[in-house]
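**Student:** In numbering that gives the first Met the number 0, the protein residues as written are 0 to 185. Note that CB positions come from ideal geometry on N, CA and C, so glycine has one too.
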Amino acid sequence: MLVVFIGPPGSGKGTQANQLCQHLSITHLSTGDMFRAAIQDETELGVQAQEYINRGELVPDQLVVSMVADALGNPPCNSGCLLDGFPRSLPQAEALDQMLDAEGKKVDLALELNVDEKVLIDRLLARKRPDDTIDTIHHRLQVYREQTSPLLNYYRERGQLRTVNGDGTVDEVHQQILAEVAEKNP
Ligand code: AP5
Numbered sequence: 000m001l002v003v004f005i006g007p008p009g010s011g012k013g014t015q016a017n018q019l020c021q022h023l024s025i026t027h028l029s030t031g032d033m034f035r036a037a038i039q040d041e042t043e044l045g046v047q048a049q050e051y052i053n054r055g056e057l058v059p060d061q062l063v064v065s066m067v068a069d070a071l072g073n074p075p076c077n078s079g080c081l082l083d084g085f086p087r088s089l090p091q092a093e094a095l096d097q098m099l100d101a102e103g104k105k106v107d108l109a110l111e112l113n114v115d116e117k118v119l120i121d122r123l124l125a126r127k128r129p130d131d132t133i134d135t136i137h138h139r140l141q142v143y144r145e146q147t148s149p150l151l152n153y154y155r156e157r158g159q160l161r162t163v164n165g166d167g168t169v170d171e172v173h174q175q176i177l178a179e180v181a182e183k184n185p
């Protein structure tokens, strides 16, 4: 099964991805985590990505797409994969569909985590990651509205989108996600 999580910063994509991947025994691919690992390891990709991440901007599509293409080609993804934080723009969504099409695969479920902005800001300020300053959070939310939210229509038009209310306890949100997954993957 191939699942895509779409949601603004702080909506719980990473938290819920960990739980769902354990439940389904599929691989968790978080582009944010991959970039943070590259920054930590001081790779060329990490150096390139860091300035964008620090500003709360999206890393350029071509860098992200080639990183994800490499990861999707790895054997652990053969038995299923959850993409957390990718795609995040229409060109990324189109690139993903092309990659999957070449393998005779498709996105089975695009799950939107919907959470009020005030709750998101409170969650992120409490977490204290380097890109969780108030100015960067506001900018990341604006980037989400402008560049990522058009993906909701992209997946809605293809009949792949489901939305869950991400403003509950971690377990409540997990239960809603399981219900959506069960409908798609009975
Ligand atoms: P990324 O790491 O993906 O960050 P993000 O989308 O901003 O998401 P977050 O990690 O902030 O939040 P989340 O939704 O995963 O929530 P979480 O579970 O952590 O990306 C970082 C940067 O990398 C981007 O800004 C961009 O520059 C770059 N990048 C990544 N992918 C890219 C792409 N495809 N293209 C271009 N650039 C890309 O939860 C947040 C907090 O809330 C935690 O403290 C958690 O404990 C808490 N929490 C979670 N759920 C609940 C709940 N139900 N109740 C209470 N608290 C909760």
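By the 10 Å Cβ neighbour count, where 16 or more other Cβ atoms means buried, how is T181 classified, buried or exposed?
**Tutor:** By 1-based counting over the sequence shown, the position of residue 181 is 182. According to the sequence displayed, residue 181 carries Ala and not Thr. A181 is exposed by the Cβ-count criterion.
**Student:** Sort out for me which residues DSSP pairs A109 with in a bridge.
**Tutor:** By 1-based counting over the sequence shown, the position of residue 109 is 110. DSSP lists V3, L160 as partners of A109.
**Student:** What residue range does the alpha helix (DSSP H) around L81 cover?
**Tutor:** The sequence position of residue 81 within the sequence shown is 82, counting from 1. Per DSSP, L81 belongs to no alpha helix (DSSP H); it is in the beta strand (DSSP E), 80-83.
**Student:** Sorry if obvious, but does the Cβ on T42 come closer than 7 Å to a heavy atom of ligand 1?
**Tutor:** As a working note, residue 42 is residue 43 in the sequence shown. For ligand 1, not one heavy atom lies less than 7 Å from the Cβ of T42.
**Student:** Tell me the rounded alpha-carbon separation between D166 and D121.
**Tutor:** Along the sequence shown, one-based indexing puts residue 166 at 167. Along the sequence shown, one-based indexing puts residue 121 at 122. So the two alpha carbons sit approximately 12 Å from each other.
**Student:** How would you write the range of the alpha helix (DSSP H) that L44 sits in, first residue to last?
**Tutor:** In the sequence shown, the residue the question calls residue 44 occupies position 45. Here the alpha helix (DSSP H) through L44 covers 43-54.
**Student:** Residues in its own chain within less than 7 Å of G55 by CB, not counting five upstream and five downstream?
**Tutor:** For this step, residue 55 is matched to residue 56 along the sequence shown. D130, T135, H138, R139, V142, listed in sequence order.
**Student:** DSSP puts S29 in a beta bridge; with which residues?
**Tutor:** Start at 1 with the first residue of the sequence shown, and residue 29 comes out as number 30. Per DSSP, D83.
**Student:** In the DSSP assignment, find the unbroken alpha helix (DSSP H) run with C20 in it and report its ends.
**Tutor:** For this step, residue 20 is matched to residue 21 along the sequence shown. Per DSSP, C20 belongs to the alpha helix (DSSP H) from 12-23.
**Student:** Any idea what DSSP makes of N77, helix, strand or coil?
**Tutor:** Start at 1 with the first residue of the sequence shown, and residue 77 comes out as number 78. Here N77 sits in helix by DSSP.
**Student:** For S78, count neighbouring Cβ atoms within 10 angstroms of its own Cβ and tell me buried if that reaches 16, exposed if not.
**Tutor:** Walking along the sequence shown from the start, residue 78 turns up at place 79. Exposed, since its Cβ has fewer than 16 Cβ neighbours within 10 Å.
**Student:** Using the Cβ count rule (16 or more neighbours within 10 Å means buried), how would you classify I52?
**Tutor:** Sequence index remark: in the sequence shown, residue 52 carries index 53 (1-based). With 16 or more Cβ atoms within 10 Å of its Cβ, I52 is classed as buried.
**Student:** So, using beta-carbon positions, are P90 and D60 closer together than 8 Å?
**Tutor:** Counting from 1 along the sequence shown, the entry for residue 90 is found at position 91. Counting from 1 along the sequence shown, the entry for residue 60 is found at position 61. Yes; because the gap between Cβ atoms is below 8 Å, this pair is in contact.
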